[in-house]
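Structure first, then comments.
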Amino acid sequence: MSLQLIRPDINLDFVGKRHFFVILSTAINLAAILLLIFKGLNYGVDFIGGSVVQVQFTNATNADAIRRSLAPLDLGEITVQDFGSAGHSYLLRFEKVKNIGGLGPTLEAELAKSFGAGGARVVRVESVGAKVGSDLRRKGFLAVVAATIFMGIFIAIQFRHVSWSFGTGAVIALVHDVLVVTGALVIAQLQFDLTTLAALLTVIGYSVHDTIIVSDRIREDAAKRRREPIASIMNRAINETLSRTILTSGTAIMVLIALLAFGGPILRPSAFTLLVGFITGTYSSVYIAGPVVLFWEGRGKGGGSPSARAA
Amino acid sequence: MAVSIKTGRGDYLLKTGAPDQRDAKAILLTLVLERCDGIERVAFRCRVAAGLVDPTTDSEAIMSRLAPWLEREFEMTRESALKTIRSEHRMLEISFDACNRGPF
Chain A
2 MSLQLIRPDI
12 NLDFVGKRHF
22 FVILSTAINL
32 AAILLLIFKG
42 LNYGVDFIGG
52 SVVQVQFTNA
62 TNADAIRRSL
72 APLDLGEITV
82 QDFGSAGHSY
92 LLRFEKVKNI
102 GGLGPTLEAE
112 LAKSFGAGGA
122 RVVRVESVGA
132 KVGSDLRRKG
142 FLAVVAATIF
152 MGIFIAIQFR
162 HVSWSFGTGA
172 VIALVHDVLV
182 VTGALVIAQL
192 QFDLTTLAAL
202 LTVIGYSVHD
212 TIIVSDRIRE
222 DAAKRRREPI
232 ASIMNRAINE
242 TLSRTILTSG
252 TAIMVLIALL
262 AFGGPILRPS
272 AFTLLVGFIT
282 GTYSSVYIAG
292 PVVLFWEGRG
302 KGGGSPSARA
312 A
Chain B
7 MAVSIKTGRG
17 DYLLKTGAPD
27 QRDAKAILLT
37 LVLERCDGIE
47 RVAFRCRVAA
57 GLVDPTTDSE
67 AIMSRLAPWL
77 EREFEMTRES
87 ALKTIRSEHR
97 MLEISFDACN
107 RGPF
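Next up, the structure:
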């Protein structure tokens, strides 16, 4: 006996509810933009420059004691974070260090005054200059923009026989996904570093993949049903691919939930990015990419037939 | 005491990070790889089985023998050491024994 999650003849009215979801998505996107402007992402050292130092202590200590110990060095703002070893391991973040090079030995010498010789050991120092950080931030932004635009162009060319607007729909869906994910990262205040950027680019790849599956079925159905309105073709295509969409997204999401729960603090920002991105990517393939095509074609009320048909 | 090593990522210094620990079975060194300009530092441990070196060999001599090996294996060692500290909150331990003699 086979397990059937979605009936083959399912016929949900996705296209009919598009106005509600477009308004909902627009509101979420506006909120994300406002969050990005007024609160901003919690950029990691890769993007803002500075140093991350991991210190291991022989005896358990606390953040205040570490701050007090380092106060004479006048190193500016220090973020001290317990690194999950019951007070034995701490992560120190310095944003503006004057002598970035000599940080390891300087810290070790200063900490030795409070915690004793060998009481605090600097086991990791990773530094990025402010200029390199700002360059990486600019290049990261360009990578996201370039990936989105080129995928839009590719899809527009691939689906030109049905409508050139598929490319626009895909680009708007991708922008929607990126905004939702970055907005969620702002709310969660998880660190945005190079790994998170890689996860964001992965989300773009996944989302467009899902959009292509639905669009491809629309192209097939448009060739078979030349007299049917495109809204109806679109709704049928979404229903026909629904089982596949839910199964592929569902399995990926289960893996990501496990990664988020058990992957530890280092993997948490990227697992969170992927999880939110995969959910929103699946949603946008159904509720964003399609309505954009309908709007573009001027058949928002479901009348008429596509201007061009698949060969 | 520091030994200089040349890598694809620039010049690094191999230094002792803590006093070595010795017993009848092995010598355990806590070492630090630090870029000459100081912008990166990563610590790791190196356990050398007693049969591979004279038990009285000082850590400086062991580091001198380790340096050429570390130059060859630099990328893998650095990456593993960083990942172990970041993810497992402990120092990477490289063991050299009769099965894996490394530079000894």
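Quick note, the sequences are listed as chains A and B, same order. Going by the working numbering, the first sequence opens with residue 2, and the numbers climb by one from there. Going by the working numbering, the second sequence opens with residue 7, and the numbers climb by one from there. Glycine included, C-beta positions come from ideal geometry on N, C-alpha and C. Keep in mind it's a predicted model, so treat the numbers as computed, not measured.
- Residues of the same chain with a CB within less than 6 Å of the CB of Val46/A, apart from the 5 flanking positions on each side, are Val53, Val129 in chain order.
- In this structure, Leu276/A sits away from Leu42/A, with a CB-CB distance that is not shorter than 8 Å.
- Taking a contact as a CB-CB distance under 8 Å, the pair Gly278/A and Asp178/A counts as one, their CB atoms being some 6 Å apart.
- Rounded to the nearest whole angstrom, the C-alpha separation of Ile214/A and Thr252/A is 17 Å.
- Among the residues facing chain B, Phe263/A is not included, as its CB has no counterpart in that chain under 8 Å away.
- Taking every protein chain shown into account, the CB of Ile158/A has fewer than 16 other CB atoms within 10 angstroms, so this residue is exposed.
- In the same chain as Met235/A, and ignoring 5 residues on each side of it, the C-beta atoms closer than 6 Å to its own belong to Val16, Ile219, Gly291, in chain order.
- With the criterion set as a beta carbon lying under 8 Å from some beta carbon of chain B, the members of the stretch 90-124 of chain A are Ser90, Ile101, Gly102, Gly103, Leu104, Gly105, Pro106, Gly119, Arg122, Val123, Val124, in sequence order.
- Counting along the chain, Thr252/A sits inside the alpha helix (DSSP H) bounded by residues 243-263.
- Secondary structure note for Gln159/A: its alpha helix (DSSP H) is the uninterrupted segment 131-159.
- The C-beta of Ser93/B comes closer than 8 Å to at least one C-beta of chain A.
- Taking CB atoms only, Ala8/B has no neighbour in chain A less than 8 Å away.
- By a beta-carbon distance limit of 8 Å, Leu35/B contacts Thr22/B. Their separation comes to about 7 Å.
- Boundaries for Phe58/A: no alpha helix (DSSP H) harbours it, while the beta strand (DSSP E) harbouring it runs 51-58, taken from the DSSP string.
- By the 16-neighbour rule on beta-carbons within 10 angstroms, Ile156/A is buried.
- Of the candidates Asp10/A, Leu6/A, Arg19/A, the residue whose Cα lies closest to the Cα of Tyr288/A is Arg19/A.
- Below the 7 Å Cβ cutoff, chain B contributes Ile45, Glu46 as neighbours of Ser128/A, in chain order.
- Between the stretch 75-92 of chain B and the stretch 114-132 of chain A, the count of Cβ pairs shorter than 8 Å is three or higher; the stretches touch.
- Between Phe102/B and the set Leu39/B, Lys31/B, Phe80/B, Glu40/B, the nearest pair of CA atoms involves Lys31/B.
- With respect to Val145/A, Leu201/A sits close: the two C-beta atoms are nearer than 8 Å.
- When CB distances to chain B are screened at a threshold of 9 Å, the residues of the stretch 37-52 of chain A falling below it are Ser52, in chain order.
- At a cut-off of 8 Å between beta-carbon atoms, Met69/B makes no contact with chain A.
- Going by C-alpha positions, Ala148/A is about 29 Å away from Arg15/B.
- Taking the CA atoms as reference points, Leu104/A sits about 15 Å from Gln57/A.
- Given a length threshold of 4 residues, each whole run of the alpha helix (DSSP H) inside the stretch 17-97 of chain B is given here in chain order: 65-78, 80-94.
- Scanning Ile79/A, Tyr44/A, His162/A for the CA closest to the CA of Leu198/A turns up Tyr44/A.
- The alpha-carbon of Ala72/A is positioned some 16 Å away from that of Thr62/A.
- The shortest C-alpha to C-alpha distance from Phe95/A to any of Glu229/A, Ile49/A, Arg139/A is the one to Ile49/A.
- The three-state secondary structure of Asn63/A, taken from DSSP, is coil.
- For the stretch 187-201 of chain A, no residue has a beta-carbon sitting nearer than 8 Å to a beta-carbon of chain B.
- Membership of Asp83/A in the beta strand (DSSP E) is indicated by the continuous run 79-83.
- Taking 8 Å as the upper bound for CB-CB distance, Ile68/B and Val54/B are in contact here, some 6 Å apart.
- By a beta-carbon distance limit of 8 Å, Phe273/A contacts Ala189/A. Their separation comes to about 6 Å.
- Glu127/A has Val53/A, Glu46/B as its beta-bridge partners, per DSSP.
- Here Arg122/A is bridged, per DSSP, to Gln57/A.
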